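Trainee:
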Amino acid sequence: MIDGTAVLETVELGKRYRRTWGLQDCTLTIPRGRVAALVGPNGAGKSTLLRMAAGLDQPSVGTLRVLGKSPTSGNGNLKERVGYLDQERPLYKSFRVAEMLRFGEKNNPNWNMVVAKEHLAQLDIPLRSRISNLSGGQQAQVALTLCLAKEPELLLLDEPAAALDPVAREDLLRILMRQVADSDSSVLLSTHALGDVAAICDYVIVLAHSRVVLSNDTEYVLESHRILSAVHDGELMPPSGVTVINSQSSARGESLLVRIELPIDESKWRVERPTLEEIVLAYLRVGSPGARDRRSHDDDRSSE
Amino acid sequence: MTQRQPSITYRLDPRSGVAPYRQLVDQVRHALRSGLLREGDQLPSVRDVVTQITINPNTVHRAYRELEHLGVAEGRAGLGTFITSHSSSALNATKLESVERELRDKIIEARDMGVSEERIVELVTFTFRHDRGVRT
């Protein structure tokens, strides 16, 4: 193990599909015990990163360590220590819930049947029900329950709550949080629901254009960003020491979302705290065209 | 499973710019001030909170650590987290901090509205003298 405190570590990790990069120059460290959110538009590389971490895809370049090990170099027991779940739920439609549980028990040495049954009872899902008779939301909950019963140290979840109604989603997230409370599992989940991120995630990673544009503790992210607004008066300059992430102008005023190093004490600007959602959206809108141009140049060179 | 009534029920506003742990800390302080919580009360366990609302357990731990740091709550090994007997004085200390902050914000607001420094100082002096006059 390089670092016992990180569950996932990547250095300049990249995945190239035929002509395009699915993920590029991705360097990040997710500390143990976190519930980390992976946010970004479709095609930004979220699923690619999760699949590589789960050992389902090979990286093209860079280093990837999951629980201190490389996921694709035949580390047999990593499969038991990592739980992966995507939209294609691994359920046999003709099975009853109880049969799915027994199937899981047979195939997983660390299976915790008590936890699984407790979760299902909490969700009011009868063990006798056939999978095919359950609603989409219930199927998602069963799939997650099966994943949690493996008691993985790291859970990789690709949009676990997508397409669920609000109640089913809430139930699913609570089961997930209970597991985190009981077992100290770490979680990396991709999502489009920024409200969920603020509620359950204490680490946030924003991917845009196949790159990491933000990666840090949510608390730190909240503390280190502000919205500044002011009326135009000729030479209006942002205060020194701040990095402008996004700016919006109106007829007479200007509003900036900025990253700060130190508390700002400004008389010209009105200073407010942005919500996590506003911060994430600002980063998603950046897209940093400059960086992209530079990169496409690199691509030409590296495609030999 | 039978569940006792929790001493306090938290809520989380994900659209607020206030860090989630801070929201919980503020709710406990508010509950203490309003009498919903009293000294000796046990705060809901992390597991209970996680069952009650959709929240990261780390956030609850963080909030309870902060409450302990403020002297409002204390962890008792194997039992849980309880409101301390000296919570009200601890609360006053933090209340002082927030009053100072509000005061400062109001002064800035007044300044931005064009109120002069002399006028503000005058107001402060007057308030102090007037107040002292009333007390003695």
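Going line by line, the protein sequences match chains G and F. Note that this note's numbering has the first sequence beginning at 1, numbered continuously upward. Note that this note's numbering has the second sequence beginning at 1001, numbered continuously upward. Glycine included, C-beta positions come from ideal geometry on N, C-alpha and C. Fair warning: this is a prediction, and the values are worked out from it, not measured in the lab.
1) Which one of G:150, G:108, G:280 and G:284 has the shortest CA to CA distance from residue 1015 of chain F?
2) Does residue 180 of chain G come within less than 9 Å of chain B when only Cβ atoms are used?
3) Return the residue from the list G:52, G:53 and G:257 that minimises the CA-CA distance to residue 270 of chain G.
4) Please list the terminal residues of the continuous alpha helix (DSSP H) segment that includes residue 166 of chain G.
5) Where does residue 1086 of chain F fall in DSSP's three states?
6) Thinking C-alpha only, which one of G:35, G:36 and G:46 is nearest residue 13 of chain G?
7) Between residue 225 of chain G and residue 259 of chain G, is the Cβ-Cβ spacing less than 9 Å?
8) For the beta strand (DSSP E) that contains residue 243 of chain G, what are its first and last residues?
9) Considering Cα atoms alone, identify which of G:54, G:248, G:63 and G:143 is closest to residue 285 of chain G.
10) Closer than 7 Å, Cβ to Cβ, to anything on chain F: give me those residues from the segment 162–175 of chain G, in chain order.
11) Please name the residue or residues paired with residue 69 of chain G in a DSSP beta bridge.
12) Report the residues of the segment 1031–1059 of chain F with a CB closer than 7 Å to any CB of chain G, ordered along the chain.
13) By DSSP's criteria, residue 147 of chain G is part of a beta bridge. Which residues make up the other side?
14) Determine whether the beta carbon atoms of residue 203 of chain G and residue 218 of chain G lie at a separation below 9 Å.
15) Using a C-beta to C-beta distance shorter than 8 Å, which residues of chain G count as neighbours of residue 1015 of chain F?
16) Is residue 272 of chain G close to chain F, meaning its C-beta is less than 9 Å from at least one C-beta of that chain?
17) Taking C-beta to C-beta, are residue 176 of chain G and residue 155 of chain G nearer than 9 Å?
18) Please classify residue 104 of chain G as buried or exposed, where buried requires at least 16 other C-beta atoms within 10 Å of its C-beta.
19) Check each candidate in G:122, G:128, G:184 and G:114 and name the one with the smallest Cα separation from residue 174 of chain G.
20) Give the list of continuous alpha helix (DSSP H) stretches no shorter than 4 residues that lie fully inside the segment 1010–1082 of chain F.
21) Determine the extent of the beta strand (DSSP E) in which residue 196 of chain G is found, giving its start and end residues.
22) How do the segment 227–246 of chain G and the segment 59–70 of chain G stand: do at least 3 beta-carbon pairs fall below 8 Å, yes or no?
23) Please confirm whether residue 15 of chain G has its beta-carbon closer than 9 Å to some beta-carbon of chain F.
24) Within a Cβ cutoff of 8 Å, which residues of the same chain sit near residue 298 of chain G, ignoring the five residues on either side of it in sequence?
25) Report the rounded CA-to-CA distance for residue 1127 of chain F versus residue 1067 of chain F, giving the unit in angstroms.
26) What are the residues in the segment 211–228 of chain G lying within 8 Å of chain F by C-beta distance?
27) Which residue marks the beginning of the beta strand (DSSP E) containing residue 320 of chain G, and which one marks its end?
28) Taking the CB atoms as reference points, tell me whether residue 57 of chain G and residue 93 of chain G lie closer together than 9 Å.
29) For residue 229 of chain G, which residues does DSSP report across the bridge?
30) Ordered along the chain, which non-local residues of its own chain (more than five positions away) have a Cβ less than 8 Å from that of residue 276 of chain G?
31) From the DSSP secondary-structure annotation, give me the bridge partner or partners of residue 83 of chain G.
32) Kindly list, in the order they appear in chain F, the residues whose Cβ is closer than 7 Å to that of residue 82 of chain G.
33) Which word fits residue 290 of chain G, buried or exposed, when buried means at least 16 other C-beta atoms lie within 10 angstroms of its C-beta?
34) Strictly by DSSP, which residues pair up with residue 111 of chain G?
35) Which residues of chain G have a Cβ atom closer than 8 Å to the Cβ of residue 1019 of chain F, listed in chain order?
36) Using the beta-carbon count (16 or more within 10 Å), is residue 253 of chain G buried or exposed?
Mentor: Concretely, from the data shown:
1) For residue 1015 of chain F, the nearest C-alpha among the options comes from G:280.
2) Protein chains in the displayed structure are G and F, and chain B is not among them.
3) G:257
4) 166–183
5) Three-state DSSP puts residue 1086 of chain F in coil, outside helix and strand.
6) G:46
7) Yes.
8) 243–249
9) G:248
10) 170, 173 and 174
11) G:66
12) 1046, 1047, 1050, 1051, 1054, 1055, 1056, 1057, 1058 and 1059
13) Bridge partners of residue 147 of chain G: none, in fact.
14) yes
15) 195, 198, 275 and 277
16) yes
17) yes
18) buried
19) G:122
20) For the segment 1010–1082 of chain F, whole alpha helix (DSSP H) runs of length 4 or above, ordered along the chain, are 1020–1034, 1046–1052 and 1057–1069.
21) Looking at the DSSP string, residue 196 of chain G is not in any beta strand (DSSP E); the run it does join, the alpha helix (DSSP H), is 194–200.
22) no
23) The Cβ of residue 15 of chain G sits no closer than 9 Å to any Cβ of chain F.
24) Caution applies to residue 298 of chain G, whose pLDDT of 39 falls short of 50 and renders its modelled position unreliable; the model cannot decide the point.
25) 34 Å
26) 218, 219, 222 and 223
27) The first residue shown for chain G is 1 and the last is 304, placing residue 320 of chain G beyond what the model contains.
28) Annotated as distal: residue 57 of chain G and residue 93 of chain G, with beta-carbon spacing of 9 Å or more.
29) The bridge partners DSSP lists for residue 229 of chain G are G:255 and G:270.
30) 194, 197, 198, 204, 218, 221 and 222
31) G:155
32) Going along chain F, no residue has its Cβ under 7 Å from residue 82 of chain G, so there is no contact; the nearest lies around 20 Å.
33) Bear in mind that the predicted position of residue 290 of chain G carries a pLDDT of just 39, short of 50, making it too unreliable to give a figure here.
34) DSSP, once it has assigned bridges, lists no residue as partnering residue 111 of chain G.
35) 218, 219, 222 and 223
36) exposed
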